[in-house]
Amino acid sequence: MSELQKNEELLKITDLKTHFFTHKGVVPAVDGVSIEIPRRQIVGVVGESGCGKSVTAMSVLQLISRPGKIVGGSIRLDGRELVGADINEIRSIRGNKVSVIFQEPMTSLNPVYTVGRQVSEAITAHQAVSQEEARQRVVDMFKAVGIPEAEKRYKSYPHQLSGGLRQRVMIGMAMACQPQLLIADEPTTALDVTIEAQILHLMKQLEHDFGTSIMLITHNLGVVAEVCDYVYVMYAGKIMEQAGIFDLFDHTAHPYTKGLLNSIPKPTAEKRRLYNIKGMVPNLLRLPKGCRFSPRCEYARPECFEHEPELYDAGNQHLVRCFLYKNGGGPA
Ligand code: SF4
Numbered sequence: 186m187s188e189l190q191k192n193e194e195l196l197k198i199t200d201l202k203t204h205f206f207t208h209k210g211v212v213p214a215v216d217g218v219s220i221e222i223p224r225r226q227i228v229g230v231v232g233e234s235g236c237g238k239s240v241t242a243m244s245v246l247q248l249i250s251r252p253g254k255i256v257g258g259s260i261r262l263d264g265r266e267l268v269g270a271d272i273n274e275i276r277s278i279r280g281n282k283v284s285v286i287f288q289e290p291m292t293s294l295n296p297v298y299t300v301g302r303q304v305s306e307a308i309t310a311h312q313a314v315s316q317e318e319a320r321q322r323v324v325d326m327f328k329a330v331g332i333p334e335a336e337k338r339y340k341s342y343p344h345q346l347s348g349g350l351r352q353r354v355m356i357g358m359a360m361a362c363q364p365q366l367l368i369a370d371e372p373t374t375a376l377d378v379t380i381e382a383q384i385l386h387l388m389k390q391l392e393h394d395f396g397t398s399i400m401l402i403t404h405n406l407g408v409v410a411e412v413c414d415y416v417y418v419m420y421a422g423k424i425m426e427q428a429g430i431f432d433l434f435d436h437t438a439h440p441y442t443k444g445l446l447n448s449i450p451k452p453t454a455e456k457r458r459l460y461n462i463k464g465m466v467p468n469l470l471r472l473p474k475g476c477r478f479s480p481r482c483e484y485a486r487p488e489c490f491e492h493e494p495e496l497y498d499a500g501n502q503h504l505v506r507c508f509l510y511k512n513g514g515g516p517a
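Numbering (this note's numbering), first residue to last: 186 to 517.
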């Protein structure tokens with residue numbers, strides 16, 4: 186039994202469909218996505234911009250606004266259905282049981298209030314604690330997320346902190362109510378590689394110390410490799426491949442995932458042109474018939490242009506949406 190199976194599931198997204206009804210037509214941004222996040226696990230959702238990973242996360246928080254709408258599927262958090270739930274129930278979950286951190290902390294922090302006050306308000310908005318108790322919890326959380334001179338930083342304004350410290354404040358704010366699930370949407374994209382490594386290490390530490398499950402959304406497979414236990418690869422609104430972290434890198438199956446991996450620069454490789462996946466991500470208003478990756482796939486065969494592949498079982502909790510794996514096979 187794998188590590189994933191041993192852990193009880195916290196979030197279960199089943200056949201989620203979130204579509205956007207634009208004047209040009211219906212955009213199926215998330216089109217039948219199923220994702221499970223067990224307790225005490227870091228699960229990666231990886232893919233290019235526009236593949237639907239952030240819309241999936243926003244759907245969990247029920248933050249889809251018009252012209253978007255969840256048109257099908259189920260999202261269960263700790264056994265409770267979130268799709269169609271009462272808005273008061275959703276509000277009590279946001280920030281309390283589920284928190285989110287975004288890519289650019291400067292756009293999430295209010296520049297006219299001190300960071301301590303903002304995190305403190307995040308606590309008092311959700312939990313019945315005194316101002317002094319909230320203040321102490323903020324200072325303790327700032328220490329836990331590695332902010333030096335936490336007492337002093339409590340009184341700092343966002344512009345007085347570096348990008349790395351601001352992101353630590355955001356993580357501190359997200360963790361302040363000790364949520365069961367932390368959704369991190371490209372949390373290190375705006376940071377340099379040294380700070381990125383520190384933030385990823387911090388997230389791993391939080392998962393270990395607080396038992397928080399983390400849904401890590403990123404376009405970067407290097408980030409996934411650093412911290413994730415299990416990974417979902419998304420393309421054009423669908424999951425194309427899902428596997429445990431070692432299996433994904435050791436036995437990469439889907440031609441799209443292979444393309445993503447081949448396009449990562451390798452410092453030890455001989456000098457050569459960097460691989461790029463030919464063609465463009467499809468326009469979701471005009472999806473190709475059959476496999477969504479078929480116009481870009483070097484393994485495409487006639488059935489790929491006619492029929493849509495299912496997720497086929499490649500063993501060891503590894504699923505692949507590709508006809509090459511229909512009978513447990515794979516490209517030569
Ligand atoms: Fe390529 Fe066909 Fe597999 Fe799609 S189903 S990824 S087109 S081989």
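For every residue, glycine included, the Cβ atom is placed at its ideal position computed from N, Cα and C. No experiment lies behind these values; they were computed from the predicted model shown.
{"Check": "Environment of residue 345 [buried if 16+ CB atoms lie within 10 Å]", "Outcome": "exposed"}
{"Check": "beta-carbon residue 214 near ligand 1 non-hydrogen atom, thresh 6 Å", "Outcome": "no"}
{"Check": "Alpha carbon of residue 265 to alpha carbon of residue 483, nearest angstrom", "Outcome": "43 Å"}
{"Check": "Proximity to residue 430 [Cα-Cα], best of 222, 198, 220, 228", "Outcome": "228"}
{"Check": "Three-state class that DSSP yields for residue 400 in the structure shown", "Outcome": "strand"}
{"Check": "Contact test: residue 420 Cβ vs ligand 1 heavy atom, cutoff 6 Å", "Outcome": "no"}
{"Check": "Same chain, Cβ closer than 6 Å to residue 284, neighbours up to 5 away in sequence not counted", "Outcome": "359, 364, 367"}
{"Check": "Cβ neighbours of residue 512 in the same chain (closer than 8 Å, five flanking residues each side left out)", "Outcome": "none"}
{"Check": "Chain-order list of residues whose beta-carbon lies under 6 Å from that of residue 257 (same chain, five-residue window excluded)", "Outcome": "202"}
{"Check": "Alpha-carbon to alpha-carbon, residue 307 and residue 195", "Outcome": "23 Å"}
{"Check": "Any non-hydrogen atom of ligand 1 closer than 6 Å to residue 509 Cβ", "Outcome": "yes"}
{"Check": "4-residue-minimum alpha helix (DSSP H) runs that sit fully inside the segment 225-270, ordered along the chain", "Outcome": "238-245"}
{"Check": "Contact between the segment 214-228 and the segment 409-424 (3+ Cβ pairs under 8 Å)", "Outcome": "yes"}
{"Check": "Counterpart residues of residue 427 in DSSP-defined beta bridges", "Outcome": "417, 504"}
{"Check": "Cβ separation of residue 289 and residue 375, assumed to be a contact under 8 Å, to the nearest whole Å", "Outcome": "5 Å"}
{"Check": "C-alpha distance - residue 343 paired with residue 333, whole-angstrom precision", "Outcome": "15 Å"}
{"Check": "Limits of the beta strand (DSSP E) - the one that residue 221 falls within", "Outcome": "210-223"}
{"Check": "Contact the segment 434-443 vs the segment 488-507: 3+ CB pairs below 8 Å", "Outcome": "yes"}
{"Check": "Pair within 7 Å by beta-carbon distance, residue 398 and residue 226", "Outcome": "yes"}
{"Check": "Chain-order list of residues whose beta-carbon lies under 6 Å from that of residue 191 (same chain, five-residue window excluded)", "Outcome": "The predicted model places residue 191 with a pLDDT of 48, which falls under 50 and marks its position as unreliable, so this point remains unresolved."}
{"Check": "Span of the alpha helix (DSSP H) around residue 327", "Outcome": "316-329"}
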